[in-house]
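Chemist:
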Amino acid sequence: VQLVESGGGLVQAGGCLRLSCAASGRTFSSATLGWYRQAPGKQRELVATINDDGRTNYVDSVKGRFIISRDNAKNTVDLQMNSLKPEDTAVYYCNVRFGWGQIDWGQGTQVTVSS
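For the sequence shown, my numbering gives the first residue as 856, with consecutive numbering after it.
(1) So, for Gly961: in the same chain, excluding its five sequence neighbours on each side, which residues have a beta-carbon less than 8 Å away from its beta-carbon?
(2) Are there three or more Cβ pairs, one per stretch, closer than 8 Å when the region 880-894 is compared with the region 917-935?
(3) Take Trp955 as the anchor and find which of Ser879, Phe883, Ala878 and Cys871 has the nearest alpha-carbon.
(4) Can you tell which of Gly862, Gly880, Ser879 and Gly896 has the C-alpha that lies nearest to the C-alpha of Glu942?
(5) Closest to Leu872 by CA distance: which of Met936, Thr911 and Asn906 is it?
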């Protein structure tokens, strides 16, 4: 599965961005989808996931600010990011995890939040 992220950029603190990830090569309607991020000098961390039944999970630091959603018909997964903070600055990656163990990653998109 090829994953391509878009929507990153530079935004001021308090602003919002919407990231989108488009998949090709296989339908992911039965997969768990996720967004991860990696800040300079830090390990990649989970931001949010959404299961095939629509259940979502968020890291505590983004709860109430970020929303993950999926459109199985379009093979896309989005991340709406509101009330952005400088500590949200990172490269954001989308991820698809199939039940048989296959995991694929996008190339990442930079999000920079200025104070």
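Where is the CB? At the ideal position from N, CA and C, for every residue including glycine. Model, not experiment: these values are computed from the prediction.
Modeler: So, from the data block:
(1) Here residue 961 refers to the residue found at position 106 when the sequence shown is read from its first residue. These residues qualify, in order along the chain: Leu858, Val859, Glu860, Cys876, Tyr948, Cys949 and Asn950.
(2) The region 917-935 and the region 880-894 touch, with three or more beta-carbon pairs separated by less than 8 Å.
(3) Counting from 1 along the sequence shown, the entry for residue 955 is found at position 100. Minimum Cα-Cα distance from Trp955 among the listed residues Ser879, Phe883, Ala878 and Cys871 corresponds to Phe883.
(4) Start at 1 with the first residue of the sequence shown, and residue 942 comes out as number 87. Relative to Glu942, the option among Gly862, Gly880, Ser879 and Gly896 whose CA is nearest is Gly896.
(5) As a working note, residue 872 is residue 17 in the sequence shown. When each option's Cα is compared against that of Leu872, the closest is Met936.
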